[in-house]
Structure formats: C-alpha cells, structure tokens
Amino acid sequence: MIPLRELEFDLFEVRGDALDTEMMQTARDVLRAAESIARERFAPYASLADVEEPIVVDGKVRLPAQTAEALLAYSEGGFLGMSFPVSSGGLGLPFLLSQACGSLFASANVAFQSYATLTQGAAHLIERFGTAAQRERWLPQMLEGRSFGTMCLSEPHAGSSLADIRTLATRQPDGRYRLTGRKMWISAGEHELADNIVHLVLARTPDAPAGVKGISLFLVPRYRAPGVTNGVTLVGLNHKMGWRGTVNTALAFGDGEACYGELVGELHQGLACMFLMMNEARVGVGLCAVSLGYAAYVYALDYARERLQGRPLSARDPAMPQIPIIRHADVRRMLLAQKSWVEGGLDLVLYCARLVDEAEPVANAPTADGARRERAALLLELLTPIAKSWPAEYCLEANKLAIQVAGGAGYTRDLPLERLYRDNRLNHIHEGAYGIQALDLLARKVSLAGGRTFDIWCETVGETIDAARRRANSLTGEAAALRAMLIAHADGMASAISVLTAVTRKLTATAAAGEPELAYANATPYLEAFGTVTVAWRWLERAIVAAEALKHGVDVDFYRGKIAACRHFHRFDLPRALAQLKMLEALEDTALRMDETQF
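According to my numbering, the residues represented by the sequence shown are 103 to 701, in order.
Following this line, the structure appears as structure tokens:
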C-alpha cells in the first residue's frame with residue numbers, strides 16, 4: 103500500500119495551501135480511517151479476488167463474500183459520498199482528499215475499489231445532469247451503497263467508436279424510453295453487492311442524427327422496484343488478464359422483457375453528459391495506475407532490503423557474507439526509477455484532483471473567483487489525457503522493474519508482483535486507449551480556447567521555474583550542491599517548455615494545413631513526451647518543498663530521497679522526452695508511407 107507519509111507530503115506540504123488548518127486535521131483523521139479499512143478489509147483479499155474469479159451460478163454472478171464485506175465497510179465509513187455536497191447526502195470534503203483515500207484502497211485491492219469508483223462517477227453524473235426527481239431517488243441510495251452504478255458505452259461491433267453504437271431508445275407515452283440493444287465490456291454490470299444497479303446507457307432515438315451528435319444518455323435501473331426486473335439481461339462474462347475480481351459483463355437491454363429508462367440531460371447531448379463521468383474516470387485510471395505501481399515498488403523495496411544475495415563488486419571474496427540486494431548498483435537504479443515514476447505520477451493525479459476542487463463554484467465567492475475557476479478548468483482539461491496515460495505507461499514500467507528486482511520469484515504467483523503487473527496492464531486500455539488519449543491531447547486539448555489552455559500550462563510551469571530559482575538563490579554554504587541542482591533543473595525545464603512549444607505549434611499547424619494524418623501519426627510519442635515534461639515540472643515543485651523542509655533538520659532522509667528522485671528524473675527521463683520532441687519536429691511519416699501489404 104502507499105505509505106501515509108507520502109500522501110501527507112503531497113497533501114499537507116506540496117499542496118499545503120489547498121487545505122486550511124481545520125481541514126488538515128480532518129484530512130489526517132480521514133486518511134488514517136481509510137488506511138485502516140484498506141489494510142484490514144481490502145489488502146488481505148486481493149489475491150483471493152484474483153483467483154476466485156466471478157462465476158455465474160443459477161443466473162447470478164457469484165463473488166467472494168469478502169467483496170461485499172469490504173464495500174460495506176467502505177460505504178459505512180462515508181467514503182462513497184465523501185466528496186459530494188452535504189445537500190446530496192455526502193460529506194462535503196475536497197475531491198483532493200477523496201482521491202488520496204482512493205489511492206490507499208486501489209493500492210490495497212483495485213478490484214474491490216472499482217465497484218465504488220464506478221458508483222461515485224455515476225452518482226456525480228446524476229447529481230450534475232439528472233432531474234430533481236432522479237437526484238432525490240437515486241443519490242441517497244448510491245452514496246449509502248444500496249445501489250451501485252455503471253457506465254454502458256461500448257458495443258460488441260463498435261468498441262471505442264461510439265459514433266457507431268446501435269442501442270435504440272424509443273420514447274413511450276408516459277415519458278419513459280424503451281431500450282433495446284447490447285453493451286460490451288461493462289465493469290460491475292451484474293452482481294449481488296447491492297439492492298440495485300444503476301446503468302447509465304448511451305443510446306440513440308429512432309430519429310436521431312447520425313454519429314455522436316445523435317447520442318443520448320439514459321438511466322436504466324436493474325430493478326424497476328424491489329424484486330421487479332427491468333429487462334437487463336446478463337449475456338456473459340469477460341475473462342480478463344487482470345482486475346479479475348471486478349466482474350466484467352456483456353449485457354442485453356430489452357431482450358425478451360421490456361427495458362425502460364429515463365433520459366438524463368437533454369436529448370442528443372448524451373456524450374457531453376457522459377464525458378463528465380469519463381473524464382472523472384480517466385483521472386481515476388491514472389490514480390489506479392499509480393496505486394498499482396506504488397504497491398509493487400513498496401513490495402520490491404522491502405524485498406530488496408531483506409533478500410540476501412551476492413557480494414560487493416569491489417570485494418568478491420566467497421567467504422564474505424552475502425549482502426542485501428539493495429546494495430547492488432543495478433538494483434538501486436531500478437528502485438530509484440520506480441520511485442521517481444510512482445511518486446511523480448501520484449503528485450500529478452493529486453494535482454489534477456486539486457484542480458477539480460478549484461474549478462468548482464464557491465458560494466458567495468467574489469467575481470474574480472470565476473476567472474480562477476476557468477483557469478483551473480482549462481488546465482484540468484489539458485492534463486486529463488496526460489494524467490490518464492502517463493501513469494498507465496510509466497507506472498506499468500515500475501511494475502516491470504519490481505518483478506525484475508525480485509528475479510524469478512517475481513514472476514511466480516508466490517509474490518504479488520505478477521498480479522499487480524497484470525492489473526496495471528488494463529490502465530493502458532480502458533476509459534479511452536492510449537492512442538485515443540494522444541489524439542485528444544494533440545487534436546483538441548492543446549488548442550482549446552484558441553490555444554490559451556496550452557499557454558496557461560506554460561505560465562503555470564513558469565511560475566514553478568521562478569520559484570525554484572528563488573529557492574536556489576536563498577541557499578548558501580553546505581547547500582551549494584542543492585542550489586546548483588535547483589538552478590540546473592529550472593534551466594532544464596525552461597528549455598523543455600521552449601522545445602515543447604515549438605513542436606506543438608508545428609504539429610497543430612501541420613494538421614490545420616490539411617495534413618492531419620501526418621500530424622496525428624506522431625500523437626502518441628507527443629503525449630508521452632508532454633507527460634514526461636509535465637511530471638518533471640511536478641518533481642521540480644516537490645524538490646523546492648523538500649529543500650525548504652531540510653532546513654529544519656527533521657525527517658532528513660525522507661526529504662533527501664525526494665531530491666534524489668527529482669535529480670534522477672531530470673537526468674534520465676527528461677532528456678529522453680526532449681529527444682522524442684526533436685524527433686517529432688521531423689514529422690516522421692514512415693508508418694504512413696508504408697503499404698498495407700508490407701506489414
């Protein structure tokens with residue numbers, strides 16, 4: 103699991119201005135409660151949920167009993183509704199704190215946690231777009247854990263191409279809609295964990311325009327009333343490489359028995375409504391990727407400290423006792439790489455969580471608050487595909503290195519590392535595959551608001567660069583090495599922004615000039631490079647905080663570890679991103695010029 107000390111550093115030091123003094127104490131208490139439930143109810147059953155996969159018995163999905171017990175403790179602890187307004191039945195706590203708690207649960211047992219996060223996302227969508235009657239009926243049930251939620255987008259023939267969905271919703275005289283169609287890859291689509299399941303289903307009406315402009319969103323409960331089914335039928339289960347404890351289903355709507363749903367939001371605006379849940383889920387995917395990478399890093403670190411093997415290269419006398427493998431240079435390299443990726447990724451997703459809080463309107467706030475909220479919302483838009491994708495790539499690499507640290511044992515089921523790797527592999531795919539996120543970033547996000555969104559990112563990173571130089575100039579004497587490091591990394595970030603800006607302009611201009619395939623063929627390496635530059639920025643900010651904290655002489659090893667990880671990231675990862683960006687300037691087109699017969 104992620105150590106509480108790491109979360110406290112992110113919440114109370116790096117983002118110290120996000121919570122007032124009273125909220126900080128509340129946050130400490132809530133984090134400890136989350137850690138206790140995660141440790142006692144989630145973590146012990148992670149391997150059980152993996153080997154006792156969901157099965158269908160007498161038409162119903164059977165899960166390990168510990169799944170329901172863990173989720174009951176979760177809901178009774180208030181974690182389902184902690185970031186929802188009190189008026190909706192929640193606790194009114196910051197989304198930042200909710201995500202920090204979520205990282206504990208996901209690192210303990212991501213399969214259990216996913217039932218809760220899907221429900222939270224569905225409830226948030228109903229809160230935002232549902233009618234008063236829908237909110238009154240469903241939010242209390244969902245935030246208390248009596249009804250769980252899903253998102254039903256993909257169909258067997260369409261996959262990620264939502265423009266091609268066929269599920270049909272026909273309006274009835276009473277205002278409801280009768281749905282017919284099939285959905286695929288529906289996580290948590292059928293189970294007995296709650297009294298009901300609220301499916302949020304994308305469908306089109308008979309007279310809807312073609313493509314995504316004709317998609318509407320419908321609330322379709324599993325049961326119309328207690329014990330009264332609603333024509334939602336389990337067609338089959340999908341057997342996955344990881345996340346095996348989260349049932350994944352193929353569902354039929356209106357196949358035999360009539361299935362009724364209610365319109366959510368406006369007609370033909372379903373995709374816009376669903377994007378609220380999808381974007382929230384995408385940041386959640388990044389959080390899961392970080393949590394699984396971090397869990398593996400913690401295990402690999404403990405393993406390396408305890409596992410005795412070999413002797414120092416400088417003194418290879420076979421009569422000498424063996425040493426812990428953490429003293430071997432390459433093992434230390436692998437552990438430091440993991441640390442820099444998982445801690446940098448955690449900072450990124452929690453930074454995005456803070457932006458969610460900043461973008462929310464505040465009652466009785468001054469007029470200037472609107473500009474601040476707009477800025478936060480635009481920055482969040484830009485960072486969402488990065489927060490989803492960069493951790494899915496590099497925290498998976500951290501999982502790979504964790505297995506390598508343990509050697510052959512890491513490849514066996516005796517250790518949790520192979521399971522954590524399998525679980526993390528999904529994050530590259532779901533809620534919009536890696537390449538889709540890359541297209542979203544390059545084709546849409548960097549050009550939002552006439553390019554102002556990208557400018558806001560540059561300005562925000564520039565503020566951190568200025569802060570690093572001020573911090574460096576305040577250091578003297580024994581801190582000379584730290585001063586030099588901060589200046590070097592600040593200069594490196596400034597150079598990276600310049601290169602990234604030039605490449606962004608070239609790629610967007612190429613697309614605008616009528617060559618979108620040429621520009622977007624380079625979208626994925628662009629996303630990866632942009633993400634690495636972004637995490638380098640987050641590490642620079644963390645290093646500033648750590649440098650300030652070192653003055654007090656407390657927890658010195660913890661803060662020096664942060665500075666070492668920052669140095670490693672800026673010396674190993676940032677140069678690789680700059681090399682990628684230089685390559686992108688050449689508008690590489692080999693994949694486009696290659697004939698299909700040549701593959």
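Glycine included, C-beta positions come from ideal geometry on N, C-alpha and C.
Q.
Given a cut-off of 7 Å on the beta-carbon distance, is the pair A354 and V330 in contact?
A. No. Outside cutoff.
Q: Reducing DSSP to helix, strand and coil, say where L270 ends up.
A: Judged by DSSP in its simplified three-state form, L270 adopts strand.
Q) If we ignore side chains and look at the alpha-carbon of each, how far apart do A615 and F377 end up? A) If you take the alpha carbons of A615 and F377, they lie about 29 Å apart.
Q | Residue burial classification, Q411 (beta-carbon count within 10 angstroms, cutoff 16) | A | Taking all protein chains in view, the Cβ of Q411 is surrounded by fewer than 16 other Cβ atoms within 10 Å, so the residue is classified as exposed.
Q.
If you reduce the DSSP assignment to three classes, tell me which class F701 lands in.
A. F701: coil per DSSP, three-state reduction.
Q: Using the DSSP secondary-structure output, state which residues sit across from A327 in a beta bridge.
A: Partner(s): V330.
Q) Which of helix, strand or coil does DSSP assign to S715? A) With the chain covering only 103 through 701, there is no way to say anything about residue 715.
Q. Is C361 helix, strand or coil when you go by DSSP?
A. Note: C361 maps to coil in three-state DSSP.
Q | Reduced DSSP secondary structure (H/G/I, E/B, other) of F250 | A | F250: strand per DSSP, three-state reduction.
Q: Could you round the C-beta distance between R141 and A172 to whole angstroms and report it? I think they count as a contact, below 8 Å.
A: With 8 Å as the limit, R141 and A172 do not qualify as a contact, their Cβ atoms being about 11 Å apart.
Q: Have a look at P323, P308, I288, V366 and flag the residue whose alpha-carbon is nearest the alpha-carbon of W345.
A: Out of P323, P308, I288, V366, I288 has the C-alpha closest to the C-alpha of W345.
Q) Just the Cα atoms here: how many angstroms apart are G192 and Y147? A) Answer to the nearest angstrom: the Cα atoms are 28 Å apart.
Q: Assign E495 to buried or exposed, taking buried as 16 or more other Cβ atoms, counted over all protein chains shown, within 10 Å of its Cβ.
A: With 16 or more Cβ atoms within 10 Å of its Cβ, E495 is classed as buried.
Q) In chain order, what residues of the same chain lie with their CB nearer than 6 Å to the CB of G395, ignoring the 5 residues before and after it? A) Once the five neighbours on either side are set aside, the close Cβ partners of G395 are V444, C497, A500, N501.
Q. Do M380 and L302 come within 7 Å of each other at the CB atom, strictly closer than that value?
A. At a Cβ-Cβ threshold of 7 Å, L302 and M380 do not count as neighbours.
Q.
Quick check on the burial criterion: 16 or more other C-beta atoms within 10 angstroms. Buried or exposed for N575?
A. The residue is exposed, with fewer than 16 neighbouring Cβ atoms inside 10 Å.
Q | Run of the beta strand (DSSP E) containing N340, from where it starts to where it stops | A | Segment: none, N340 is in no beta strand (DSSP E) and carries neither H nor E.
Q. So, using beta-carbon positions, are C668 and W641 closer together than 7 Å?
A. In this structure, C668 sits near W641, with a CB-CB distance shorter than 7 Å.
Q: Would you check if the distance between the CB atom of V601 and the CB atom of L683 is smaller than 7 Å?
A: Taking 7 Å as the Cβ cut-off, V601 and L683 qualify as a contacting pair.
Q: Determine the DSSP secondary structure at T282, reduced to helix, strand or coil.
A: In this structure, T282 counts as strand in the three-state DSSP scheme.
Q.
With H, G and I counted as helix, E and B as strand and the rest as coil, what does DSSP make of N526?
A. In the structure shown, N526 falls within a helical segment according to DSSP collapsed to helix, strand and coil.
Q.
Would V451 and V392 be called neighbours here (beta carbons separated by less than 7 Å)?
A. Contact flag set, yes.
Q) For R117, which residues of its own chain have a beta-carbon under 8 Å away from its beta-carbon, when the five flanking residues on both sides are left out? A) The answer, listed in chain order, is L198, L452, Y453, R456.
Q: Decide if the stretch 505-515 is in contact with the stretch 524-540; the criterion is three or more beta carbon pairs, one per stretch, under 8 Å apart.
A: Cβ pair count under 8 Å is below three, so no.
**Q.** S209 and M103 closer than 7 Å at C-beta
**A.** S209 is a Cβ neighbour of M103, given a cutoff of 7 Å.
**Q.** Buried/exposed call for I157, threshold 16 Cβ in 10 Å
**A.** That one is exposed.
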